[in-house]
Structures are given as structure tokens and as C-alpha cells.
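Enquirer: Protein chains in written order, with my numbering: chain D, 1 to 261; chain W, 262 to 522. Backbone N, C-alpha and C fix where the C-beta goes; we use that ideal spot for every residue, glycine too.
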């Protein structure tokens with residue numbers, strides 16, 4: 001058998017990278033349930049070329065884009081507003097599973113050892129909204145050389161039926177729980193832009209960019225750029241926001257887009 | 262909104278029933294990837310009529326039958342023999358997801374508030390084969406009135422890539438972890454049969470039936486009747502093995518088939 005020995009794999013799996021492929025990257029946001037085939041294939045090629053998996057531990061998360069948000073909105077479900085309708089839960093989840101299947105297939109086609117992980121099956125929210133995301137499955141899969149691929153989803157929420165969990169929220173929970181060494185958000189924009197539309201190189205506090213990122217310009221039940229920046233600032237590890245052009249650089253451990261420390 | 266109030270639901274969710282629908286019940290075991298539509302519909306009608314979910318907490322597990330075993334055998338994967346081939350993991354898992362989709366849809370059509378739970382996403386095995394099955398998602402879904410539907414699957418296994426988790430193994434882990442008040446295995450036979458082919462009413466120790474259940478007559482990577490009986494005897498709660506004729510009785514809390522104490 002070729003490949004790293006189990007000892008190497010375990011050592012590296014303790015500090016993987018967490019990469020989010022934004023819903024605006026992998027789907028056509030304005031067309032219901034439409035995969036952005038070209039963008040997705042480009043992202044998959046970058047991951048395949050970087051040799052992710054094995055001793056280069058990576059967890060991928062993708063957003064819902066035109067798969068999840070459409071159904072979530074139709075049923076009035078958000079991160080805080082729940083549903084007790086099992087058909088609504090199944091519908092939102094099934095749409096996200098279809099997108100996840102497309103992402104996993106695209107990654108597999110480029111040799112990435114991708115395996116699907118469905119948040120509905122593993123995560124839950126307590127009464128106060130606090131997320132429980134047990135990581136036995138993801139951590140073990142990583143340790144065995146696989147690349148777990150999670151997605152925005154609907155999860156059971158104590159007292160509210162089921163609510164939405166966003167890809168961004170998963171990224172933060174995974175980065176903390178897996179002690180990731182870096183986090184990347186591959187989005188439709190090359191980074192955080194200031195009020196003049198120029199890319200910001202580094203963000204160390206929210207106030208510095210609050211005016212520029214104060215509102216998201218797309219309907220998104222899971223929050224826009226402001227929420228992303230605030231959540232990433234709260235992490236102990238560096239995070240980067242970049243677009244597809246800079247994905248190879250991020251995977252190579254180089255500077256990409258806006259760095260949030 | 263009709264239905265029990267949240268207080269009732271929470272109280273009952275702490276002692277749900279765990280029901281396994283055997284692979285030999287929900288699939289045509291001899292035909293690859295073929296759902297036993299008639300049997301599945303009959304089981305779903307029984308669950309729908311019993312008013313499961315809500316204050317009558319129920320977790321459903323189904324076996325792999327002709328969906329899982331076929332692919333697992335083709336890739337040489339069992340409970341102890343693993344695979345490091347991500348395509349094998351995806352293939353076994355996808356087959357089981359297709360069966361799970363059919364089961365969830367059939368239950369939903371009869372008004373059962375079924376939601377899917379995929380073991381690959383939540384479970385893992387340690388080096389020594391010990392199963393970790395965190396129950397936050399299943400317990401919260403139960404508490405909110407849903408009926409989680411799990412299935413035999415492939416899971417990451419420390420040091421071996423990925424191995425099979427059987428429906429029977431899930432039943433035992435769920436019964437323990439959720440403090441279930443009773444366990445039912447709905448199989449193709451009306452109960453455990455003695456050496457004369459007569460149904461055994463009650464089993465309290467393995468030796469009493471060892472000769473009769475010593476071997477399973479079907480190829481099954483996850484163990485036959487002997488393994489089932491041994492695992493159920495180790496539980497603190499009563500378990501029953503019965504066929505579709507007795508499913509309504511089990512759901513009503515009555516005696517069904519062979520009782521294992």
C-alpha cells in the first residue's frame with residue numbers, strides 16, 4: 001500500500017484545514033437548484049491538484065446557495081425560526097443532499113477522497129440555540145485519510161422543531177472542535193472590500209470594516225459578509241476570505257484574499 | 262396546533278421504543294437493490310396506524326438487505342475488514358441512502374414524521390472496534406416529535422479505513438444510549454424457532470437456543486439470528502423478534518413473537 005503511514009496521518013489529522021465553498025460559488029444563486037458546474041469543477045481541480053486528504057487533512061463545507069435557501073424560505077425556516085413539519089425538514093434536507101452529492105461527485109472525479117457528512121444526522125441545537133456537533137465521525141474519517149464534506153442543513157432544535165444550520169456556523173464549529181490550523185472561505189468576491197471597493201488585506205477588529213460589510217446584498221437566511229467576519233474574528237486561528245482565483249494559493253498555505261486574525 | 266404539548270413529548274422521548282425493520286423485510290434479499298414494496302408499505306401502514314412519533318417516541322432502524330450487503334461484499338468490507346477506498350465507502354453508503362430514502366418516503370406517506378439519520382455522518386469506530394454513536398441529533402429529533410430513521414451503513418474505523426455497522430448493532434447502541442423501554446426486531450420469521458421449527462416464546466439464556474440458532478442460512482456480512490439473540494440478551498430492556506403479522510401488536514405494547522429478556 002502506498003501513502004503515508006498511520007502515524008503520519010494521525011499527527012496531521014489533528015490540525016487540518018477547514019475550507020468552505022460558498023453557496024455563491026458552487027450554485028447559481030438566482031436559479032433554483034442549479035449547480036454552478038464550471039465553478040464547482042474548477043474548485044474540485046484545485047483540491048485534486050493540491051493533493052488534499054491523507055496527510056494533508058482537509059474538511060470541506062459548502063453553503064446552500066440556490067438549493068437550501070429557496071426551500072428554507074418557502075417553509076419560513078431560519079437559524080432561529082423553526083418548523084415542526086416533518087415534510088419541510090425532509091424537503092430542505094433532501095435539497096441539500098442533492099447539492100452535496102454534486103459536490104462530492106465533482107471532488108471524487110478529481111481524485112479527492114471525499115465522503116459525505118450530513119449535519120441533520122449528527123448536529124442538534126439546545127433550547128438556547130447552542131450547537132452540539134459531535135466530531136467522532138469527522139475526526140475519524142480525517143484520520144483515515146478521507147475528506148469529509150459537510151453542508152448547510154436543517155437540524156433538530158430543542159423546543160423549536162428544526163432550524164437551519166449555515167455553512168459558516170459549521171466552519172466555526174469545525175475549526176474549534178478539530179483544532180484546525182487555518183480556515184478558508186472561498187466566496188464569489190476576492191475578499192472583504194472597503195467602502196471604495198478596494199480589497200482589505202487584513203482585518204483585526206470588526207469596527208474597522210463595519211460600515212463596508214454592514215449588510216449583505218443577497219437574500220440569505222444564514223447571514224451575509226458581516227456575520228462571516230464577526231464569526232471568523234472570534235476564532236483562535238487565522239481565516240481567509242478569497243475567490244476561486246486564490247483557492248490554489250490557500251491550499252498551498254499561502255496568503256489569499258483578506259486575512260482575518 | 263394539535264398534538265401533545267412539549268412537556269409530554271419530552272417526558273416520553275426519554276423512553277422511546279426502538280424498532281428494526283429487517284433487511285429481509287424491506288428488501289427482496291435475492292434481487293440486487295430491490296425494495297420489497299408490499300412489505301414496506303404494510304410496515305408503514307402499521308406505524309402510521311399506531312400514531313408513532315410525538316408522545317409515542319419511536320426510533321426506526323433498517324437493515325441493508327439487497328442494497329448494502331451486495332456492495333459491501335463486492336468491496337470485501339465487513340464489520341471487521343475495512344476499506345481505504347473512498348469510492349467503496351461512497352458506493353456502499355449511497356446504496357444504503359437509496360434504501361433509506363425509500364423507507365422514509367413510505368413512512369411519510371402514512372403520516373409518520375420520519376426524518377433520515379445516516380450513521381456514516383455520526384458514528385465511528387475506535388481502534389479496538391468500539392462504536393461511538395453520539396445521540397444528540399437522534400435524541401433532540403425524538404424530543405421534537407420526529408421519528409429518526411437510521412440504517413446499516415459504512416463508518417470510519419480508526420486504523421482500518423471504514424467498516425460496516427449493522428442494523429442490529431445500531432439497535433443495541435440506540436436502546437442503551439436512549440434508555441429505550443423496549444426493542445423490536447421485525448424479521449422475515451415469526452420469531453426464534455427451536456430445533457423442531459416451533460416458535461420459542463421466551464429466551465433468557467443463549468445456551469437454551471444455541472443449537473437452533475447456531476447458524477444463519479443466508480449470506481449476511483453482519484451476522485445472523487445467533488448474533489441477534491446474543492446482542493439482545495445483553496440488553497437491560499426486553500426485546501422481541503417477530504414478523505410483519507405481529508408488528509401492530511408490538512407497536513401497541515403487546516406480546517409479539519419471541520421475547521428475549
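Run through chain W and tell me which residues come within less than 9 Å of residue 120(D), C-beta to C-beta.
Expert: Within chain W, the residues near residue 120(D) are 376, 377, 378, 379, 382, 398, 402.
Enquirer: What beta strand (DSSP E) runs, 3 residues minimum, are completely inside the segment 35-85 of chain D?
Expert: DSSP runs (the beta strand (DSSP E)) wholly in the segment 35-85 of chain D: 58-62.
Enquirer: What does DSSP give as the partner residues of residue 414(W) in its beta bridges?
Expert: In the DSSP output, where bridge partners are listed per residue, residue 414(W) has 426(W).
Enquirer: Between residue 211(D) and residue 340(W), what straight-line distance do the alpha-carbon atoms span, to the nearest angstrom?
Expert: If I take the Cα positions, the gap works out to 56 Å.
Enquirer: Are the C-beta atoms of residue 393(W) and some chain D residue less than 7 Å apart?
Expert: Cβ-Cβ to chain D under 7 Å: yes for residue 393(W).
Enquirer: Do residue 427(W) and residue 438(W) have their beta-carbon atoms positioned less than 7 Å apart in this structure?
Expert: No; because the gap between Cβ atoms is not below 7 Å, this pair is not in contact.
Enquirer: Any idea what DSSP makes of residue 439(W), helix, strand or coil?
Expert: Looking at residue 439(W) - three-state DSSP - the assignment turns out to be coil, as it is neither helix nor strand.
Enquirer: Using a Cβ-Cβ cutoff of less than 7 Å, which residues in the same chain neighbour residue 436(W) once the five nearest sequence positions on both sides are dropped?
Expert: So the qualifying residues of the chain are 279, 444, 496, 498.
Enquirer: Which class does residue 240(D) belong to by DSSP, given the choice of helix, strand or coil?
Expert: Note: residue 240(D) maps to strand in three-state DSSP.
Enquirer: Please list the partners that residue 50(D) has in chain W, where partner means a Cβ-to-Cβ separation under 8 Å.
Expert: The premise fails here: residue 50(D) is roughly 16 Å from chain W at the closest Cβ pair, so nothing lies under 8 Å.
Enquirer: Quick check: the Cα distance between residue 519(W) and residue 381(W), rounded to an integer number of angstroms?
Expert: Using only the alpha carbons, I get a separation of about 31 Å.
Enquirer: To which residues does DSSP link residue 445(W) through a beta bridge?
Expert: Beta-bridge pairing links residue 445(W) to 280(W), 501(W).
Enquirer: Can you confirm whether residue 347(W), when its beta carbon is compared against all beta carbons of chain D, has any partner nearer than 7 Å?
Expert: Yes, residue 347(W) lies at the interface with chain D (some Cβ there is under 7 Å from its Cβ).
Enquirer: Could you give the DSSP three-state label for residue 229(D): helix, strand or coil?
Expert: In the structure shown, residue 229(D) sits in a helix (DSSP, three-state: H, G or I).
Enquirer: Should residue 202(D) go down as buried or exposed, given a rule of 16 or more other Cβ atoms within 10 Å for buried?
Expert: Answer is exposed; the Cβ neighbour count stays below 16.
Enquirer: Relative to the alpha-carbon of residue 302(W), which residue among 370(W), 466(W), 493(W) has its alpha-carbon at the smallest distance?
Expert: That would be 370(W), whose Cα lies nearest to the Cα of residue 302(W).
Enquirer: For the beta strand (DSSP E) holding residue 249(D), just list the boundary residues, first then last.
Expert: Here residue 249(D) belongs to no beta strand (DSSP E); instead the alpha helix (DSSP H) covers 247-251.
Enquirer: Starting from residue 453(W), follow its DSSP beta bridges and name the residues at the other end.
Expert: Paired residues: none, contrary to the question.
Enquirer: Assign residue 179(D) to one of two classes, buried (16 or more other C-beta atoms within 10 Å of its C-beta) or exposed (fewer than that).
Expert: By the 10 Å Cβ count, residue 179(D) comes out exposed.
Enquirer: Between residue 64(D) and chain W, is the shortest Cβ-Cβ distance under 7 Å, so that the two count as touching?
Expert: It does not; no Cβ of chain W falls within 7 Å.
Enquirer: Report the rounded CA-to-CA distance for residue 253(D) versus residue 356(W), giving the unit in angstroms.
Expert: Going by the C-alpha atoms only, they are around 37 Å apart.
Enquirer: Going by DSSP, what residue range makes up the alpha helix (DSSP H) through residue 400(W)?
Expert: Start and end: 397-404.
Enquirer: Counting only C-beta atoms, is residue 422(W) closer than 7 Å to chain D at any point?
Expert: By this cut-off, residue 422(W) is an interface position.
Enquirer: Is residue 169(D) close to chain A, meaning its C-beta is less than 7 Å from at least one C-beta of that chain?
Expert: No chain A appears in the structure shown, which is made up of the protein chains D and W.
Enquirer: Our contact map puts residue 296(W) next to residue 360(W) with C-beta atoms below 8 Å; I'd like the distance itself, whole angstroms only.
Expert: Going by Cβ atoms, the distance from residue 296(W) to residue 360(W) rounds to 7 Å, so yes, they are a contact pair.
Enquirer: Using C-beta distances below 8 Å, list every residue in its chain close to residue 209(D), excluding the 5 sequence neighbours before and after it, in chain order.
Expert: Within the same chain, residue 209(D) has close Cβ partners 192, 194, 200, 203, 229.
Enquirer: Name, going along the chain, the residues of the segment 340-369 of chain W whose beta-carbon falls closer than 9 Å to a beta-carbon of chain D.
Expert: Residues passing the 9 Å Cβ filter: 343, 345, 346, 347, 348, 350, 351, 354, 355, 358, 362, 365, 366, 369.
Enquirer: For residue 66(D), collect the residues of the same chain with a Cβ closer than 8 Å to its Cβ; drop the 5 residues on either side in sequence, then sort them by chain order.
Expert: The answer, listed in chain order, is 23, 27, 28, 29, 30, 31, 32, 33, 34.
Enquirer: Less than 8 Å between C-beta atoms, sequence neighbours within five positions excluded: which residues of the same chain meet that for residue 506(W)?
Expert: 451, listed in sequence order.
Enquirer: At what residues does the beta strand (DSSP E) containing residue 115(D) begin and finish?
Expert: Residues 114-116.
Enquirer: To the nearest angstrom, how far is it from the Cα of residue 432(W) to the Cα of residue 123(D)?
Expert: Distance between the alpha carbons of residue 432(W) and residue 123(D): 20 Å.
Enquirer: At a Cβ threshold of 7 Å, is residue 500(W) touching chain D?
Expert: It does not: the Cβ of residue 500(W) has no partner Cβ on chain D nearer than 7 Å.
Enquirer: Under three-state DSSP, which class holds residue 409(W)?
Expert: Strand, per DSSP.
Enquirer: If you measure from the beta carbon of residue 144(D) to each beta carbon in chain W, is any gap under 7 Å?
Expert: Yes, because at least one Cβ of chain W sits closer than 7 Å to the Cβ of residue 144(D).
Enquirer: Where does residue 256(D) sit, in a helix, a strand or coil, going by DSSP?
Expert: Residue state, collapsed to three classes: coil.
Enquirer: In whole angstroms, what separates the C-alpha of residue 43(D) from that of residue 91(D)?
Expert: Using only the alpha carbons, I get a separation of about 27 Å.
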